[in-house]
Amino acid sequence: MREHKKIPKVLLDKFQRKLYTTKHKIGENNVNILGLELHNPVFFVTALAVIGFVLFTLLLPETSKLWLNGTKDWVVNSFDWFFVSAANIMVVFSLLLIVSPYGNIRIGGINAKPDFKRASWLAMLFAAGMGIGLMFWSVAEPLAYASGWAGTPLGVEADSPEAFRAAMGATMYHWGLHPWAIYAVVGLSLAIFAYNFRFPLTMRSAFYPLLKEKTWGWPGHIIDVLAVLATIFGLATSLGLGAQQAASGLNYLFGWDFAGNTLEIIIIVLVTGLATISVARGIDGGVKLLSNINMLVAALLLLFVFFVGNSLGLIGKIVETAVDYVTYIIPLSNPVGRSDSDFYHTWTIFYWAWWISWSPFVGMFIARISKGRTVREFLISVMLAPTLVTIVWMTIFGQTGLSQYTNQVGELSGGISDASLTLFQMLDNLPLATFTSLIAIVLVMVFFVTSSDSGSLVIDTITAGGKLESPMSQRVFWAIAEGCIAVALLYGGGTEALTTIQAGSVSTGLPFTLLLIIMCVSLWLGLRRIYKVREQMLSELEKY
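Numbering (numbering that gives the first Met the number 0), first residue to last: 0 to 543.
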């Protein structure tokens with residue numbers, strides 16, 4: 000690629016007009032109500048759908064559970080091949096973009112500069128993408144696969160040497176390249192169409208090469224409504240897991256056992272208050288600050304477990320996990336003819352639907368913070384860096400838990416009794432157990448805050464028609480609304496509420512999977528257009 004430090008503005012403007020252009024103005028369909036700037040009809044359709052869902056689950060909990068779980072079972076059993084095939088396509092497509100000439104395209108244009116330093120950028124995308132999940136499942140998931148708690152990968156015999164290798168390979172399969180490729184495709188699509196084509200930062204913009212001006216009509220409205228609903232369900236699932244784990248940890252440490260879901264509700268109210276403060280401070284003063292702090296504390300906890308455990312042994316296990324990941328990624332990616340139906344449907348299909356339902360939220364948040372990065376830098380950082388970190392994280396926590404299981408140490412000697420307790424049961428057999436367990440609870444809570452904060456910013460952007468600078472009261476509204484929805488569901492639905500939300504998450508993941516496949520085509524067309532125009536511009540620059 001020919002490198003030029005500065006392109007004259009007159010030349011940039013000339014070639015900007017050769018990209019996709021539209022008469023649509025950001026926020027042109029917005030209406031102002033009580034100081035809020037709301038996109039019509041996306042905000043109102045979404046609000047009615049959310050209110051209807053909450054009332055349905057509160058007033059008819061058994062019926063809602065039956066319907067949603069029935070829908071989830073139909074989706075999982077009928078479209079399992081589609082979820083897995085789609086995730087495979089995302090990985091291959093992303094890797095092709097990395098090595099293609101399009102990898103040199105810069106998000107925001109050839110003169111664009113990054114808004115954040117690399118360390119802060121990586122911390123924010125990682126905290127938003129997987130924070131709570133890594134805390135919840137880092138010990139539980141490898142142990143579940145090795146012991147056969149809910150099926151084993153590829154049907155291997157539980158507690159066999161192969162089961163332990165497959166456990167780490169399958170864990171990384173669920174948390175490695177595939178989910179991050181899904182996030183990367185959505186994030187890159189949104190960033191390219193928002194910053195290079197100067198379209199609104201909403202899901203619909205990514206489909207402009209295919210829909211043209213219909214993008215701003217009802218086809219686009221439907222895409223954005225689905226994006227908001229998928230975000231709410233995906234976020235609610237993770238927040239429910241976070242509240243459950245924090246409550247379990249407090250009960251485990253201090254015997255705090257309140258009636259029903261009272262403790263979870265208190266935690267959600269507290270976190271919602273913190274998230275509201277954070278979202279009011281914006282990305283720099285809120286998400287960025289909390290993400291940097293949380294990643295530092297998480298790194299310290301990781302190093303503690305590493306050094307008080309078998310450090311030399313864990314170094315070897317990190318290499319083994321990487322090898323197991325490479326060994327099992329192809330067999331586990333097979334979408335048809337599987338003999339491990341329980342594992343395949345209970346774990347893999349749920350994870351894929353969960354990641355896909357999270358993709359509008361995480362993808363849009365990554366897009367907002369990624370201006371100035373090249374396509375290649377973006378994809379390598381978003382896919383490979385988190386995967387390498389996850390290999391280390393899952394190995395240190397997962398192998399420490401597996402070691403206690405095989406050596407009959409502590410409560411993990413009997414396997415999993417409650418998935419939300421496994422992290423604390425593992426820490427209980429290490430020095431400073433109470434202190435480190437408190438640190439773990441704080442980490443869960445802060446990951447909880449950053450996820451809620453990031454989700455509020457994203458939902459606000461979509462329901463404001465792509466405006467990045469909506470009124471602060473509007474961002475606060477969504478932060479509070481998320482907390483109220485979670486509290487209402489927990490209060491009315493009890494322990495079944497999280498199951499109902501998870502079913503909703505899987506169900507909304509199906510239509511979005513199809514949209515993601517179409518998005519790959521649209522992104523390719525957009526990048527091809529940018530590449531041609533850029534090459535013409537650089538050729539003309541030689542004449543200056």
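Glycine included, C-beta positions come from ideal geometry on N, C-alpha and C.
- Just measuring C-alpha positions, the residue of 389, 356, 178 sitting nearest residue 235 is 356.
- Taking residue 55 as the centre and dropping the five residues before and after it, the same chain places the C-beta of 63 closer than 7 angstroms to its C-beta, in chain order.
- A buried status is given to residue 478, since no fewer than 16 other beta-carbon atoms sit within 10 Å of its beta-carbon.
- Straight-line measurement puts the Cα of residue 186 at about 6 angstroms from the Cα of residue 365.
- In this model, residue 134 and residue 276 are separated by some 24 angstroms (Cα to Cα).
- In this structure residue 191 is buried. Its beta-carbon is surrounded by 16 or more other beta-carbon atoms within 10 angstroms.
- In the structure shown, residue 503 adopts helical secondary structure according to DSSP, grouped into three states.
- A buried status is given to residue 289, since no fewer than 16 other beta-carbon atoms sit within 10 Å of its beta-carbon.
- Annotation for residue 173: the continuous alpha helix (DSSP H) segment containing it runs 160-174.
- Residue pairing by DSSP puts residue 38 in a beta bridge opposite 29.
- Per DSSP, reduced to three states, the secondary structure at residue 255 is coil, with no helix or strand assignment.
- Relative to residue 328, the option among 537, 168, 93 whose CA is nearest is 168.
- The stretch 379-392 makes no contact with the stretch 194-210: fewer than 3 CB pairs, one atom from each, lie closer than 8 angstroms.
- With a cutoff of 8 angstroms on beta-carbon distance, residue 411 and residue 393 are scored as not near each other.
- Nearest in C-alpha terms to residue 347, of all of 96, 405, 170, is 170.
- Looking at the DSSP output, residue 105 sits in a beta bridge with 373.
- If the five residues before and after residue 429 are omitted, its C-beta is found closer than 6 angstroms to the C-beta atoms of 307, all from its own chain and listed in chain order.
- When secondary structure is reduced to three states using DSSP, residue 482 falls in the helix class.
- If you keep only unbroken alpha helix (DSSP H) runs of at least 4 residues inside the stretch 110-149, you get 117-136, 139-146.
- Contact annotation, residue 150 with residue 341: C-beta distance approximately 3 angstroms; criterion of less than 8 angstroms satisfied.
- In this structure, the beta-carbon distance from residue 227 to residue 458 falls below 8 angstroms.
- In this chain, residue 418 is not harboured by any alpha helix (DSSP H), its DSSP state being neither H nor E.
- For residue 28, the CB contacts under 7 angstroms within the same chain, skipping 5 residues up- and downstream, are 38, 39, 464 in chain order.
- In this structure, the alpha-carbon of residue 264 lies about 33 angstroms from that of residue 390.
- At a Cβ-Cβ threshold of 8 angstroms, residue 245 and residue 522 do not count as neighbours.
- The beta carbons of residue 339 and residue 152 sit closer together than 8 angstroms.
- Residue range 60-98 is occupied by the alpha helix (DSSP H) that includes residue 72.
- Counting only residues of its own chain and dropping the five nearest sequence neighbours on each side, residue 506 has a CB closer than 7 angstroms to the CB of 67, 70, 71, 74.
- Counting only the Cα atoms, residue 61 lies some 37 angstroms from residue 404.
- Counted as a single uninterrupted DSSP element, the alpha helix (DSSP H) harbouring residue 321 occupies residues 310-331.
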